[in-house]
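Below is one structure, written out as structure tokens; comments come after it.
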Amino acid sequence: MVLEVALIDVLAGQEDAFAQAYAKGHPVLAGTPGCRSVRMTRGIESPSRFVLLVEWDSVAAHLENFRETERFTTWRSLIGPYFAAPPVVEHFTDVAPPA
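Counting in this note's numbering, the sequence shown runs from 790 upward without gaps.
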């Protein structure tokens with residue numbers, strides 16, 4: 790399992806519209822094969838900053854089943870107009886706790 794973390798800065802004053810667009814696009818992302826969970830959070834100190842957390846079976850599942858498909862085009866057309874800048878996206882894996 791990998792965790793995709795996307796830092797999304799939204800245009801000031803467009804936060805509620807972005808959240809509504811995310812709600813419309815959520816099923817597109819969440820229904821992607823290999824997607825285990827999707828969560829969007831909003832900054833308290835920085836209310837125009839959102840963090841998208843997506844658990845994928847693998848990086849390949851994210852890229853091949855979502856980013857390289859029409860699903861991504863649909864998703865981006867819904868939420869993209871509210872971006873203040875391109876999101877910063879990285880993938881992470883769990884660190885085993887000490888034995």
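Beta carbons: idealized from backbone N, C-alpha and C, even for Gly. Computed from a predicted model, the values in this text were never measured in an experiment.
Other residues of its chain near residue i: CB distance less than 6 Å, five sequence neighbours each side excluded
| i | result |
| --- | --- |
| V817 | R860, T863, W864 |
| G832 | R838 |
| A795 | L841, P876, V878 |
| F807 | V799, Y871 |
Burial state of residue i (16 or more Cβ within 10 Å)
| i | result |
| --- | --- |
| T830 | exposed |
| A810 | buried |
| V884 | exposed |
| E793 | buried |
| I868 | buried |
| T802 | Here residue 802 is Gly; the residue named in the question, Thr, does not match the sequence. It is exposed - the Cβ of G802 has fewer than 16 other Cβ atoms within 10 Å. |
Secondary structure of residue i, DSSP reduced to three states
| i | result |
| --- | --- |
| T830 | strand |
| A812 | helix |
| E857 | coil |
| D798 | strand |
| V878 | strand |
| V848 | helix |
| V840 | strand |
| V791 | strand |
Integer Cβ distance of residue i from residue j, believed to fall under 8 Å
| i | j | result |
| --- | --- | --- |
| H880 | V848 | 5 Å |
| D846 | G823 | 4 Å |
Spatial neighbours of residue i in its chain, beta-carbon cut-off 7 Å, leaving aside the 5 residues before and after
| i | result |
| --- | --- |
| L800 | Y871, A873 |
| T882 | V791 |
| V827 | H815, L818, A819, V843 |
Chain-order list of residues whose beta-carbon lies under 8 Å from that of residue i (same chain, five-residue window excluded)
| i | result |
| --- | --- |
| P836 | E804 |
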